[in-house]
Structures are given as structure tokens and as C-alpha cells.
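Engineer: So that we are looking at the same thing, I have put the structure below in C-alpha cells.
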Amino acid sequence: MSTFLVRNARIVVPGERILSGDVLVREGKMVEIGAVSASAAAGAPVFDAEGRLLTPGLIDVHTHGVMQSLYEAGAWETRSALRALPQFGVTTVLPTIIPHDNPECLARLAEIVAVLPSIREVNVPGLHLEGPFMTVGGAACPTLPGDVALLERLFAACAGRIAAMSLSPDAPGIVPVIRRLAERDVRVFLTHTRAGVEDTEQAIAAGARHATHFYNVFYPPAETEPGVRPVGAVETILADPRVSVDFIADGVHVHPMAIRAAVAAKGWQGVLLITDSNIGAGLPPGVYPTPWGFSVRVSPRTAARHATQNTLAGSALTMDRGVANLLQWLSLPPEQVWAMATLNPARLLGLAGKGRMQVGADADLVLWDADLTARRTWVNGNTVYEKNVV
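The sequence shown: position 119 = 118 (numbering that gives the first Met the number 0), numbered continuously.
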């Protein structure tokens, strides 16, 4: 069903306002927003929102998996993870993979990409590759210098379906890689670095326009003068209005004050919410195995930690809980906070029909209960999730 009317909703227009009214959807597009007349809605099934919030669907540009499935584990797990996302209000996602330079990884990338056309529950513009061109590793990230030939092998394995790549601005030989990515309209995310000002500026000049899980694995350069704080990637990114940033808003990875500081520097338009979620996201606390050869322990505060080393290994955050946290932490109008999970990532990815509450946009919508859990989720006008209500 791609034609329907949502009546009596509090409609969030990201970045602008919240209004009371109705949304009429025809053939998967929003055609009227506000006071919709009975004649205009004639014949359309009606959903009474009963004053609930109605927002555009959430967009997560950095997530490795959810519940019991990780994308890079293979085709079955990719299907399972993607189909679980609408219950958390997510309608568009970049499945995030940590790539390695070996035949097994390239074959798995091809396997994952082959699954994507069959997915109807969520929009997948492409993959997000976290690595392999890094100077500082993470839970499972390789550390390789920039290599355009390897990049082309990754493109081939993914059939060109790379939407974003995270890399270190201080990796040797990285500028030609960034330029090649920019030529192919792939979004370049900066991360995992000890870069100074010069390396970061060169990466931005080459085409990098975003920084992912900002502050996390962003180390300052070495101190050269006692008492003088080194300046590096963090300061360079904050000072450049062309570069947006995203955060894991779980209260563990980043202190709320650090997010407020970034909002002060970037404005609400330059800040995004991500999950960087690992296996176990959306599940009760416990220990869950990963395909990387170790298990993660999910804590009540929604962090995922290496079960034996106790180091952070992504998060167990879901996008709905991240929005709830930001609404609590940031002294911003709620429509600006919602933009961080809808409009801002859509703009970053160049998705004109997503993340917006406007006539002509895709009907990717979420109706929320008072506790900010999804009651119903639509993708392109089709119901993909409905909460079981007793």
C-alpha cells in the first residue's frame, strides 16, 4: 500500500518546525502536508496518529550490524540486519564493512552487494567501507597506505556500490585515493588518525567532506613544546565549514559536552548522528560472538566492548535511542535535533528525496510512540514495520 493518509500527527519538518496536521501519500510520495481535505484524501486508507510524532525515516551512515547480525559476515546476515532496522525507525542505511586486501574479503563484498537489490525494507544507497587506508587501527581495522590499485579492486568487488569510505588523512599516498573517490562521487570520511593540520588540510582540499565517529580515534599530534597544546585533525575539521562531523551518542564514546562544542562550531546543520553499531545492538546486555575472532560484551549503557580486552569495539546503540539522547543533551529545538538523523545525512549523501518532510519527497516515514519507539515505519510508502500492540 503506497497510498494513504496519516491524520492528526505532530509533523516534524527537520531543521524548520513541528506542525499539527496530516500527510497524504500517493504512489510512495508525499503529495500534501498540513490540513488535507476530505476530497483530496478520498479513497485513501487513514491512519490516525492521535497526536503522535511523525518524522522522516532515520538515516544511519555508519553501522556494522544490529541484533545478532553483522553485514560483513555474509549474505544471510546482511539480509537479517537490514530487515531489522525499521523497528528502530531507520529507513536508509549504509551497511559498513571493514575491508581487507585478500581474496576472501573481496569475495564476501561481492556476496553482500548481490543481496542488496532484494531488500525492500530499507533503502541502501551503497556500502560504507571503513578502511583499509588507516594509520591507526581500531577493533578490527587494517592499517594500509593509500593504494589506488587496491581501491579499484574494492570498486570491482562491490560492483561500484561504494557510497562512502572512511580513511586516515595522514596515511601515506592518501591524496590520490581521495581524489579518485571524489571523481567517483564517493563520500570521503576522515577518521582513525594522528594527523596534523597540513595532512588534514590536504585531505580536505582533495575532496574529504566529513569526519566519522568524531573525537573517537582522533589522536592529537605529538607535543613539540611543553605546555603548548598540539593542533591537529580535530581542530582543522572543526574550523572548516565544508566538513561535517558525526557522533556515537551513547554517552560512552563521547561526552555530551563534546557534542555541544561541535554544534557550537558547526551549527546543527554540520552534525550527524550515527550508531557505529556492532552485533548486540538492540539486544539485552550479554556477550555476543563476532566474525572477527572475538566476542563483544554489550553493556547497559549501550557500548560494545571486546569481551576479554575490555576495549571499545563499536557501540550497541540504535538510532532511536541516539535521537532520544541528543534531545536530552542538546539545548536545541527538537526539529534541529531530528535533522541530525534525517536531513543532514541525506544532504551528505546527496539523497534529494530522503530525510525531508516536503511535498514530492519519498514517503519514508516513522510514527513514534511517546517513549520514542517506532509504532509504524514506511519505506517509499509501504509499511515495513508495525509494532505489536496488545
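Even glycine gets a Cβ: it sits at the ideal position worked out from N, Cα and C.
From a predicted model like this one, the values you see are computed outputs, not experimental measurements.
For Ala34, is the classification buried or exposed, using 16 other Cβ atoms within 10 angstroms of its Cβ as the cut-off for buried?
Structural biologist: Walking along the sequence shown from the start, residue 34 turns up at place 35. It is exposed - the Cβ of Ala34 has fewer than 16 other Cβ atoms within 10 Å.
Engineer: Give a yes or no on contact between the region 6-21 and the region 43-60, applying the rule of three or more CB pairs nearer than 8 Å.
Structural biologist: In short, these stretches touch, since the Cβ pair count reaches three.
Engineer: Here's the rule I'm using: 16 or more other beta-carbon atoms within 10 Å means buried, otherwise exposed. How should Gly349 be labelled?
Structural biologist: Within the sequence shown, residue 349 is the residue found at index 350, counting from 1. Exposed: under 16 other Cβ atoms inside 10 Å.
Engineer: Less than 9 Å between the C-beta atoms of Leu69 and Ala80, yes or no?
Structural biologist: Stepping through the sequence shown from its first residue, residue 69 is reached at position 70. Stepping through the sequence shown from its first residue, residue 80 is reached at position 81. Yes; because the gap between Cβ atoms is below 9 Å, this pair is in contact.
Engineer: Please classify Pro102 as buried or exposed, where buried requires at least 16 other C-beta atoms within 10 Å of its C-beta.
Structural biologist: As a first step, residue 102 must be located in the sequence shown, where it is residue number 103. Exposed.
Engineer: Taking a contact to mean a Cβ-Cβ separation below 9 Å, would you say Ile173 touches Gly137 in this structure?
Structural biologist: For the purposes of this step, residue 173 is taken as the residue at position 174 of the sequence shown. For the purposes of this step, residue 137 is taken as the residue at position 138 of the sequence shown. Not closer than 9 Å, so no.
Engineer: What separation, rounded to the nearest whole angstrom, lies between the Cα atoms of Val22 and Arg6?
Structural biologist: Here the question's residue 22 lines up with position 23 in the sequence shown. Here the question's residue 6 lines up with position 7 in the sequence shown. When rounded, the distance between both Cα atoms is 7 Å.
Engineer: Per DSSP, what kind of secondary structure is Phe46 in: helix, strand or coil?
Structural biologist: Translated into positions along the sequence shown, residue 46 becomes position 47. Residue state, collapsed to three classes: strand.
Engineer: Identify the residues that DSSP records as bridge partners of Ala373: which are they?
Structural biologist: For the purposes of this step, residue 373 is taken as residue 374 along the sequence shown, with counting starting at 1. The partner list for Ala373 (beta bridge, DSSP) reads Trp367.
Engineer: Counting only C-beta atoms, is Leu4 closer than 9 Å to chain D at any point?
Structural biologist: Here there is only one protein chain, and chain D is not present.
Engineer: Since Val24 and Ala345 are thought to touch, with beta carbons under 8 Å apart, how far apart are those beta carbons, to the nearest angstrom?
Structural biologist: Along the sequence shown, one-based indexing puts residue 24 at 25. Along the sequence shown, one-based indexing puts residue 345 at 346. Going by Cβ atoms, the distance from Val24 to Ala345 rounds to 18 Å, so no, they are not a contact pair.
Engineer: In three-state DSSP terms, what is Glu26?
Structural biologist: Stepping through the sequence shown from its first residue, residue 26 is reached at position 27. Coil.
Engineer: Spell out the partners DSSP gives Leu18 in its beta bridges.
Structural biologist: Within the sequence shown, numbered from 1, the residue matching residue 18 stands at position 19. Its beta-bridge partners are Ile10.
Engineer: Can you tell which of Trp267, Ser165, Gly359, Gly88 has its C-alpha closest to the C-alpha of Leu52?
Structural biologist: Translated into positions along the sequence shown, residue 52 becomes position 53. Answer by Cα proximity: Gly88.
Engineer: Since Asp245 and Val60 should fall inside the 8 Å C-beta cutoff, what is the C-beta to C-beta distance between them, to a whole number of angstroms?
Structural biologist: Taking the sequence shown and counting its residues from 1, one reaches residue 245 at position 246. Taking the sequence shown and counting its residues from 1, one reaches residue 60 at position 61. That pair is a contact at about 7 Å.
Engineer: Could you work out which residue in Ala74, Pro85, Ala39, Val65 is closest to Arg375 when comparing CA atoms only?
Structural biologist: Here residue 375 is taken as the residue at index 376 of the sequence shown, counted from 1. The shortest C-alpha separation from Arg375 is found at Pro85.
Engineer: CA-CA distance, Val135 and Pro98?
Structural biologist: The count along the sequence shown starts at 1 and reaches residue 135 at position 136. The count along the sequence shown starts at 1 and reaches residue 98 at position 99. So the two alpha carbons sit approximately 15 Å from each other.
Engineer: Spell out the partners DSSP gives Asp59 in its beta bridges.
Structural biologist: Within the sequence shown, residue 59 is the residue found at index 60, counting from 1. Bridge partners of Asp59: Val92.
Engineer: The beta strand (DSSP E) that contains Ser314, what's its start and end?
Structural biologist: Position 315 of the sequence shown holds residue 314. Segment 311-314, the beta strand (DSSP E) holding Ser314.
Engineer: If Ala202 and Leu237 are in contact, beta carbons under 8 Å, what's the gap, nearest whole angstrom?
Structural biologist: Position 203 of the sequence shown holds residue 202. Position 238 of the sequence shown holds residue 237. That pair is no contact at about 15 Å.
Engineer: Should Arg241 go down as buried or exposed, given a rule of 16 or more other Cβ atoms within 10 Å for buried?
Structural biologist: Position 242 of the sequence shown holds residue 241. Exposed: under 16 other Cβ atoms inside 10 Å.
Engineer: Any idea what DSSP makes of Ser68, helix, strand or coil?
Structural biologist: By 1-based counting over the sequence shown, the position of residue 68 is 69. The answer is strand: DSSP assigns Ser68 an E or B state.
Engineer: Kindly indicate which residue of Glu26, Ile32, Glu15 has the alpha-carbon position closest to the one of Gln357.
Structural biologist: Locating residue 357 in the sequence shown gives position 358, counting from the first residue. Minimum Cα distance to Gln357 is reached at Ile32.
Engineer: Report the residue from Arg179, Arg152, Glu151, Gln335 whose alpha carbon sits nearest the alpha carbon of Val270.
Structural biologist: As a position in the sequence shown, residue 270 is number 271, starting the count at 1. For Val270, the nearest C-alpha among the options comes from Gln335.
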